[in-house]
Structures are given as C-alpha cells and as structure tokens.
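Residue numbers (my numbering), protein chains in the order written: chain A, 184 to 416; chain B, 10 to 330.
Just so it is clear, CB atoms sit at the ideal spot from N, CA and C, and this is done for glycine as well.
The structure displayed is predicted, hence computed values, not measured ones.
Please read the structure below before turning to the comments.
So this is what it looks like as structure tokens:
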C-alpha cells in the first residue's frame, strides 16, 4: 500500500516537472526594443502611448500599456489560431512570428504600469448595483455570478497573468468582450471560466459593469481626493 | 357566504392542514424526536429560504453590528495576528458572504444551534461553533465569548436568518453530500484535475494568489491554509464543497469522481498541526482520538507522515502551550 502510494507520488512529480518543462520551452524571451519596431502597425489603433481608444458606437481599441506580457502574448497567439475571433486583429496577429509576438508583448507590458488601486477591503454599497456586482456578485439561482473582483482582484486591477485588469480599460472594449464570450467568438479563457459567467450576465449588467470599471480609477481618485485635501490643510 | 366570513374559515382550514401535515411528518420520522441526534443532512428539494438584502439594513446599532459582522465574515483577515493566523476568510468556504445555498449558508446553520457535537462531545452554542471555526479553519485563537467580533458575527448570522425555521434541516444546508466514489479517491488522478482546473487560481503549489497584501485566491495547503483539525481537511467535506462550488462560477461542472480525486489530492498535503495535538502525547493518539474519518492525517504520503511535526503555522502557541 505504502509502496504504491510512493510510486504514484513519484509519477506525479515527474508529470508536473514535464508540464513545467514544456511550458518553459514555449515561452520565448521578449525584447521591448525589438517589439517597438514590430509594433509599427499597432499604433494606428492602440495609439503611440498604448492607451487605445474608446469609440462609442464603433469598435473600441483596448489599452495595452501595462497589461501582463504573458497575457498579451497569449491573446496574439489565440488571434492567430482563431481561438479568439476578431476581424481587425486576425490579419495583424498573423503577420507576427512567435518571436515578434514575444517582443511586442514585452514592449506594451513595459510601456507604462497599469494603475495601482487600493487593495484594502471596503464594503460594497448595497444601493450601488455596479459596485455590488463587482464586489459581491449576483448569486441568484439562475445567475450564480461570482463577484468580478473575486478573480480580477481588488478594484478589478488584475491578478497574475490570467486575470487581466478591468479598471481603466475602455467601456466599449469591456462590453464587446463580454458580448464576444456570450456569442462564442471569444472562447480562449482558461477553463472557460469567463464564458459561463458572461452567458449569465444580462444586457443591462454588461453595460453597467463595463462603465463601472472603465471609470473606476477616476471614481476612486475623486472619492479619495477630498480627504487628502483636508489632510493638506 | 360573505367574503368577510370566508377569510377566517380559510385560515382555520390552513392551520388544520398544517397541523395535520406536521403530525404526519412526526409520524414518518419515528416515535419521539431525540434532540441530541444531529439534524439530518439537507433534505432534497428546492431551496425555499431567501435571506434579506443588505439594502434593507437599518441605520441603528443593530444594523451597524450586522455590518460589522458582515465585514468580519468577508474580510476575516482584519483579525489577522489576533484571532486569525492563516490567510483565510470565512467567505472562502461560505460563498456570497455566507448566503449561498449548498455552500454551507449561515441561515441554515443559525437555527441548528445549540447542538450536541461529537467533535467535542458536548452541547455547543452558536458562539462556540464560530469559535471552533477560528481554532481550526482560521488556525487561530477563538475570540472570547461576548467580545465584539463574536457578537458582530452572531448578529450578522441572526439577521441573515430572519424568518428561517429553528431546529430544522433546511434545503441548501451544508454542502450537498456526494455518493460514495465509484473508484477510491486517487491522488494522482486528483493532481491532474488540480493542474487542469484549480491551479490557474490556487497556484501549482496550492499557495493561492495575492494582489499586494490582499489575498485574492486562498491557499489550499501549507501554513496559509486550514489546519489539520478543520472540517475542510476531510476528503468528503472538501469533495462535497468542490462539487457544488468549484471552480468558482462553474458549480457542478466536475464529475463526482473528479471532485473526490481532487479533494484527496488537496487534502493529502501538509498543513498546520491539529490544535488538539497539544492535548495529547503523540500523533498516533491524536489520529486515533480525533481522526477516525476520511482524511490523510497520520498517513504516510511520499515517504513522509502527514501531521508528524510541531508546525502550527503562524499560530504562536507551541506544542506544549
């Protein structure tokens, strides 16, 4: 019994080690300087400062500056492979080889840090539907939607390489992604964690939460501003 | 017959029907109720109880105490270093701040206490039950009876249970019990489930993930996790929780076998010592006295015996303390 357990444990370790090794083999080292050259075609939409643009009524271009390099890299590979379908991005992503993808990702990741927001617990206002959805979710039986921040971190500022920041991203882009998950044109999320949640969000919740996160850095700055002025006096 | 008269009649009929049905129920359950026997697991059927909404909380001392309890429930880390000595929050295992059915909701627990518990062989009040969570799940020190944290949490639970029946097992209570696994829960299969489904949030070493100082995804083993005395270290409890609640946002997506296997994998890792080990001389004695259930405490895994250490994590009380 003991021997079998030990043997299976060793097999387990070997298995994990090989998974790690293959992950390392895939990851190419990105070079931001080379990335800048390869990113020439990106500027038209994502802007020279990588801040993208919100285009009400049209296709919004996401902010890339400060996104985790590994996240950008995965998205570019997924556009190329069709795991994330987008008519605008597909041809541009297809122009890049694996090294260029790594380089462009490093370039945008290093361009400017994503805004750092407060991490301390703060109770959500039960009268504020958007704040409630972000912090507490919607656990009605037919919704079962976890709080956005449970995965995307306090104030939606992102967690690691897999849960991108939402706060400070453009309204139109956030709403479009939720729609894309719902209609199946985007299905490249780890374990389909986002697909199920997006499918259970209704139109009003999508509009509300996209606007909430897009404006959150400004909202928080405004909320904390008066007290800092008082401190100054 | 006038409308005026038919209403009381209707009420009488209703009362009579209710009395009849509860009498029938009592008959079905057997001759006489033994109040020491733990309540049965949650009955099948639709969840009928809905806790009140926070927007209806009053602006007075009661409402403030509820809010305080809610804050402690969601951000139990605010008691870190005082009553909490790991990285956990109550809301990690009781989703939606303790409100979610099949996620051991507080509204289904409140009316169960006081209750006899085999775990410590005595009648436990709700306060003692919460204190137990601090000792085990939070690897901590129980807030004293009557202290504000405990009063706040009791008030939060009391408010949440407004209108819930007392001393009844309600649908949605606890975690829904899985059938026995078809194949014995297997750590190696569990490791595969973990790598594919859990590691993206909880990390490949079960370490969880933080943003700054804030724990976003809780650790599942190691010093930051629940200790060897917590209910969640039992494979069946964890499997039940996982099936109904994990991965977050994908309830009931794993097969029963996957839930069993991954629970075995998670709970066959080292974690802070069982606090009751302090009261006994050896691991063997602790294992025999407190661990005759489905868990890995005292078992040899990969050449090491789980629980064979004096590591209480961050809890400062030593083995002989």
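Query	Result
Cβ neighbours of residue 167 of chain B in the same chain (closer than 6 Å, five flanking residues each side left out)	none
Under 8 Å from the C-beta of residue 419 of chain A: neighbouring residues of chain B	This structure cannot settle anything about residue 419 of chain A, because the visible part of chain A is limited to 184 through 416.
Contact belief for residue 403 of chain A with residue 337 of chain A at Cβ below 8 Å, rounded distance in angstroms	So it is not a contact: roughly 11 Å between Cβ atoms.
Partners in chain A for residue 109 of chain B, counting only beta-carbon separations shorter than 8 Å	322
Within-7 Å CB hit, residue 202 of chain B to chain A	no
Interface flag, residue 215 of chain B vs chain A, CB-CB below 7 Å	no
Runs of alpha helix (DSSP H) wholly within the region 92–120 of chain B (minimum 4 residues, chain order)	99–102, 104–107 and 115–118
Given residue 251 of chain A as reference, the closest of A:346, A:279 and A:380 once Cα atoms are compared	A:346
Own chain, CB closer than 6 Å to residue 364 of chain A, minus 5 neighbours either side, in chain order	377, 378 and 381
Outcome for residue 324 of chain B when other beta-carbon atoms lying within 10 angstroms are tallied against a minimum of 16	buried
Residue-chain proximity (residue 205 of chain A, chain B), Cβ-Cβ < 7 Å	Annotation note: pLDDT 40 at residue 205 of chain A (below 50); position unreliable, coordinate value reported separately. With 7 Å as the cut-off, residue 205 of chain A does not count as an interface residue toward chain B.
Whole-angstrom distance between residue 319 of chain A and residue 340 of chain A, CA atom to CA atom	16 Å
Classification of residue 235 of chain B by the beta-carbon crowding that lies within 10 angstroms, buried from 16 upward	buried
Coarse secondary structure for residue 207 of chain A, derived from DSSP in three states	With a pLDDT of 41 at residue 207 of chain A, under the threshold of 50, the modelled position of that residue is not reliable, and the figure given next carries that caveat. Residue 207 of chain A falls in the helix class under three-state DSSP.
Through-space distance from residue 123 of chain B to residue 44 of chain B, alpha-carbon basis	10 Å
For residue 140 of chain B, the three-state DSSP class (helix, strand or coil)	helix
Simplified DSSP state of residue 378 of chain A, which is helix, strand or coil	helix
Element boundaries [alpha helix (DSSP H), containing residue 271 of chain B]	265–275
Sufficient close CB pairs (3 or more, under 8 Å) joining the region 63–79 of chain B to the region 304–320 of chain A	yes
Close Cβ partners of residue 196 of chain B (< 6 Å) along its chain, the five nearest in sequence each way excluded	273, 274 and 277
Completely contained alpha helix (DSSP H) runs for the region 245–329 of chain B, where each covers 4 or more residues	265–275 and 292–299
Cβ-Cβ distance between residue 391 of chain A and residue 313 of chain A below 7 Å	yes
Contacts of residue 206 of chain B in chain A (Cβ-Cβ under 9 Å)	374
Residue 42 of chain B, DSSP secondary structure in three states	coil
CB contact flag (residue 375 of chain A, residue 290 of chain A, <7 Å)	no
Stretch pair the region 95–112 of chain B + the region 225–242 of chain B: three plus CB contacts closer than 8 Å	yes
Proximal chain A residues relative to residue 105 of chain B, where beta-carbon distance stays under 8 Å	319, 320 and 322
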